[in-house]
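The opening position of the sequence shown corresponds to residue 1 in the UniProt record's numbering, with each subsequent residue numbered one higher. For glycine and all other residues, C-beta sits at the position ideal for the given N, C-alpha and C. Everything numeric in this text was worked out from a predicted model, so none of it was measured.
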Amino acid sequence: MATAAFGASGWAPGAAIAQQGPESLLPPGYDRPARARPTASPAPVRAAPAAAPAVPRIEAAPVIAPMPLLPEGGAAVEHAAPVVSGPVSLPNGITSFDQLLALPAAQLDQLLGLTPKYDIPPAAQRSLRHVGIIAASEGGMGPYALVNQPGALVRAALAGNSGHLVSRWGHILLRRALASRMDAPQDMNPAEFVALRAALLVRMGEGDAARALVQDVDPGNYDATLTQAAMEAYVATADLTGFCPVMALQGYNRRDAQWMALQGICMAFTGQAAQGLAQLDGMTAKGAMTKIDMLLAQKYAGAAGMAGKGGRRAVKIEWEGISDMSPWRYALAIGVGLTPPASLMADTHGRYDAMTALAPMVGLGLRADASDRAGAWGILSAGAMVDLYSQIYLQDDITGGPADRALLLRDAYVGDSPEARADAMRKLWEGAGDANARYGRMVLTAYAAARLPASGNLASGAGDVLASMLAAGLDANAARWWTVVDKGSDGWAQLALAMPQAGAVDGGAIDSFRSADKSDKQHRTAMLVAGLAGLGRISDSTRRDYESKLEMRLDGNSRWIAAIDQAAAVNNAPLVAMLAGLGMQGDSWAKMTPRFLYHMVAALNRVGLNAEARMIAAEAVARG
Numbered sequence: 001m002a003t004a005a006f007g008a009s010g011w012a013p014g015a016a017i018a019q020q021g022p023e024s025l026l027p028p029g030y031d032r033p034a035r036a037r038p039t040a041s042p043a044p045v046r047a048a049p050a051a052a053p054a055v056p057r058i059e060a061a062p063v064i065a066p067m068p069l070l071p072e073g074g075a076a077v078e079h080a081a082p083v084v085s086g087p088v089s090l091p092n093g094i095t096s097f098d099q100l101l102a103l104p105a106a107q108l109d110q111l112l113g114l115t116p117k118y119d120i121p122p123a124a125q126r127s128l129r130h131v132g133i134i135a136a137s138e139g140g141m142g143p144y145a146l147v148n149q150p151g152a153l154v155r156a157a158l159a160g161n162s163g164h165l166v167s168r169w170g171h172i173l174l175r176r177a178l179a180s181r182m183d184a185p186q187d188m189n190p191a192e193f194v195a196l197r198a199a200l201l202v203r204m205g206e207g208d209a210a211r212a213l214v215q216d217v218d219p220g221n222y223d224a225t226l227t228q229a230a231m232e233a234y235v236a237t238a239d240l241t242g243f244c245p246v247m248a249l250q251g252y253n254r255r256d257a258q259w260m261a262l263q264g265i266c267m268a269f270t271g272q273a274a275q276g277l278a279q280l281d282g283m284t285a286k287g288a289m290t291k292i293d294m295l296l297a298q299k300y301a302g303a304a305g306m307a308g309k310g311g312r313r314a315v316k317i318e319w320e321g322i323s324d325m326s327p328w329r330y331a332l333a334i335g336v337g338l339t340p341p342a343s344l345m346a347d348t349h350g351r352y353d354a355m356t357a358l359a360p361m362v363g364l365g366l367r368a369d370a371s372d373r374a375g376a377w378g379i380l381s382a383g384a385m386v387d388l389y390s391q392i393y394l395q396d397d398i399t400g401g402p403a404d405r406a407l408l409l410r411d412a413y414v415g416d417s418p419e420a421r422a423d424a425m426r427k428l429w430e431g432a433g434d435a436n437a438r439y440g441r442m443v444l445t446a447y448a449a450a451r452l453p454a455s456g457n458l459a460s461g462a463g464d465v466l467a468s469m470l471a472a473g474l475d476a477n478a479a480r481w482w483t484v485v486d487k488g489s490d491g492w493a494q495l496a497l498a499m500p501q502a503g504a505v506d507g508g509a510i511d512s513f514r515s516a517d518k519s520d521k522q523h524r525t526a527m528l529v530a531g532l533a534g535l536g537r538i539s540d541s542t543r544r545d546y547e548s549k550l551e552m553r554l555d556g557n558s559r560w561i562a563a564i565d566q567a568a569a570v571n572n573a574p575l576v577a578m579l580a581g582l583g584m585q586g587d588s589w590a591k592m593t594p595r596f597l598y599h600m601v602a603a604l605n606r607v608g609l610n611a612e613a614r615m616i617a618a619e620a621v622a623r624g
């Protein structure tokens with residue numbers, strides 16, 4: 001999560017006192033009257049060059065309007081307007097001039113071709129090159145990496161991804177690739193490339209990143225796909241009015257219900273409250289959308305607070321009879337300060353936790369509840385989660401679960417002994433509702449876990465402590481435990497994958513881990529072997545031995561494997577990251593195959609993304 005620092009600037013009162021009068025803003029000398037030219041002595045007579053043809057002097061004459069023609073009666077006759085012969089065609093959907101003139105001014109301007117394509121001065125307009133929010137110098141990926149890649153492959157990798165990834169570190173890697181400043185493939189429209197990236201970010205729960213990405217493109221360069229992706233991004237951040245500048249240029253190209261409702265909201269917030277609410281009223285009368293959606297849209301539009309007729313209205317929202325939630329509905333609700341009923345949100349199974357955790361208008365307690373899954377998914381960093389609970393700790397009016405967790409988090413940092421701090425962390429982990437939420441709590445405690453001493457007294461619970469540290473990428477702190485953990489333990493397996501220089505791993509330690517593995521079909525052992533093989537930390541003979549013992553094959557071929565192996569062969573990190581994200585779709589690590597993990601880790605390691613490869617492999621063992 002990005003943070004911003006704000007500095008204070010000082011001023012010197014003595015400078016204001018010393019100024020005795022108004023100071024000219026002109027350069028020196030420009031505020032003085034022009035000096036009279038000195039009278040020069042007659043110059044010596046020289047032969048003049050051949051003169052140019054004389055230009056006749058034209059005397060200026062006053063402009064006099066012509067007199068109107070006077071008929072015999074003496075009354076002036078106005079010139080008749082030119083008569084247009086033949087039928088006049090009206091725009092599509094308009095049946096009469098009265099209907100045309102009744103349209104809002106902005107729509108009328110667009111139909112008549114009076115709306116400019118750009119609302120930005122020419123000197124400030126941006127091209128569609130290097131679109132993104134992270135430059136290569138800031139940790140982004142190379143801007144030209146995808147230029148010579150097939151557009152069809154890039155499109156399939158982005159459009160075919162549901163956005164639900166099993167890996168937190170895979171999510172972070174894919175977000176970085178999508179947000180990097182990059183050029184589109186040569187055979188792909190740049191606007192479509194931005195739209196595909198923004199739409200995937202929205203599906204990943206990264207509404208803020210998607211909104212920042214579409215804002216890097218001038219609205220005049222939007223096409224239909226980018227316009228739709230931008231609307232989804234603004235809905236995902238409950239910032240519907242942020243879409244209004246795009247609506248001003250693209251607003252009358254669609255007539256679907258959600259678009260028309262958003263158009264009415266934008267009218268209300270741009271000084272046309274009566275017209276905007278009238279449009280929403282008309283949609284309500286026609287049943288264009290469900291009643292709750294129209295009421296929420298009217299309440300949002302009424303929040304503009306415009307004085308005058310139709311500008312203010314009290315709208316009562318009743319949730320009785322509503323059985324489902326949609327992104328549009330949830331965005332409007334939290335945008336006007338409403339909290340949907342807990343019973344209704346319970347049926348969403350956490351689908352809106354990412355949106356809730358990032359929404360500044362939602363209460364801190366609800367954001368804390370949602371942060372468990374948002375942290376596990378990779379949307380919130382460990383630092384952001386600690387900041388959230390720090391605010392809760394300072395608020396006396398927040399009680400219940402969030403307040404209790406804030407107290408436990410404090411104990412995890414400042415407990416009387418390492419054992420007390422470890423116990424506080426364990427209570428946080430065990431209090432989670434499911435496996436994903438538990439891992440989110442591990443993200444929360446990552447920095448507290450890094451402060452624990454590497455002690456044999458804590459070795460029995462080192463697996464969870466190390467998983468917590470590695471959830472935030474604190475591999476240097478985790479490496480201190482290498483001499484403490486027992487070979488073949490959970491902690492050893494994670495360190496064997498996560499340490500930058502762990503060296504070769506012998507089969508005896510893997511056998512010890514396998515003997516204690518209680519996962520289905522020893523899935524965690526298979527993930528350990530796949531990760532070690534991808535990182536090159538076991539020999540080929542050891543790999544073949546465990547392929548036989550675990551009845552699996554890491555080699556093999558498929559269209560995805562061929563694509564990611566080829567992308568790694570040409571050292572294309574962004575394409576490898578996008579294909580890795582495509583291969584990590586799912587709800588849990590149980591659905592990830594060892595073969596996919598092996599090719600993914602090997603490809604990431606080959607293109608220089610070794611840190612991400614190590615963290616993904618260690619996460620597979622911790623959560624497998």
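Cβ neighbour criterion (16 or more within 10 Å) applied to residue i
i	result
residue 569	exposed
residue 399	exposed
residue 619	buried
residue 599	buried
residue 612	buried
residue 477	buried
residue 529	buried
residue 67	Low local confidence applies: a pLDDT of 43 at residue 67 is under 50, so the model's placement there is unreliable, and no value is given.
residue 168	buried
residue 621	buried
residue 436	buried
Cβ shell of residue i (< 7 Å), same chain only, five flanking positions each side left out
i	result
residue 514	522, 525
residue 356	362, 366, 367, 370
residue 12	A caution first: residue 12 carries a pLDDT of 40, below 50, which makes its placement in the model unreliable, though a value can still be read off. If we look at residue 12 and ignore the five residues flanking it on each side, it has no Cβ neighbours.
residue 143	130, 136, 181, 182, 183
residue 315	295, 298, 299, 302
residue 197	158, 178, 213
residue 82	Caution is warranted here: a pLDDT of 49 is assigned to residue 82, below 50, making its placement in the model unreliable, and the coordinate value is therefore given only provisionally. Correct list: empty, nothing qualifies.
residue 42	Low local confidence applies: a pLDDT of 44 at residue 42 is under 50, so the model's placement there is unreliable, with the coordinate-based value given in what follows. Within the same chain, residue 42 has no close Cβ partners at all.
residue 171	165, 204, 377, 378
Neighbourhood of residue i by C-beta distance below 6 Å, restricted to the same chain and skipping five residues each side
i	result
residue 602	534
residue 79	Note that residue 79 has pLDDT 46, beneath the 50 cutoff, so the model's placement of it is unreliable and no number is given.
residue 279	264
residue 596	583
residue 411	424
residue 330	352
residue 532	505, 538
Start-to-end residues for the alpha helix (DSSP H) that takes in residue i
i	result
residue 494	490-498
residue 468	462-471
residue 486	Unbroken run through residue 486: none, as it is neither H nor E.
residue 610	610-623
residue 206	From DSSP, residue 206 is part of no alpha helix (DSSP H); its letter is neither H nor E.
residue 457	Where residue 457 is concerned, there is no enclosing alpha helix (DSSP H), given that its DSSP letter is neither H nor E.
residue 523	523-535
residue 664	Outside the displayed span of the chain (1 to 624) sits residue 664, for which this structure offers no information.
residue 346	342-346
residue 553	Counting along the chain, residue 553 falls outside any alpha helix (DSSP H), and DSSP gives it neither H nor E.
residue 436	435-444
residue 633	No answer is possible for residue 633: the residues shown for the chain start at 1 and end at 624.
residue 398	No alpha helix (DSSP H) contains residue 398, which DSSP labels as neither H nor E.
Sheet register partners of residue i (DSSP bridge)
i	result
residue 180	134
residue 165	585
Chain-order list of residues whose beta-carbon lies under 8 Å from that of residue i (same chain, five-residue window excluded)
i	result
residue 22	Unreliable placement is indicated for residue 22, whose pLDDT of 48 sits below 50; the coordinate value is still reported in the next sentence. Once the five neighbours on either side are set aside, residue 22 has no close Cβ partner at all.
Stretch pair the stretch 174-193 + the stretch 201-221: three plus CB contacts closer than 8 Å: yes
At least 3 beta-carbon pairs within less than 8 Å: the stretch 482-494 vs the stretch 547-562: no
Segment contact flag, the stretch 424-441 with the stretch 405-416, C-beta cutoff 8 Å, min 3 pairs: yes
Stretch pair the stretch 535-548 + the stretch 493-510: three plus CB contacts closer than 8 Å: yes
Stretch pair the stretch 438-445 + the stretch 380-399: three plus CB contacts closer than 8 Å: yes
Meets three-Cβ-pair contact criterion under 8 Å: the stretch 294-302 and the stretch 334-342: yes
Segment contact flag, the stretch 140-160 with the stretch 231-245, C-beta cutoff 8 Å, min 3 pairs: no
Three CB pairs or more closer than 8 Å across the stretch 585-595 and the stretch 450-457: no
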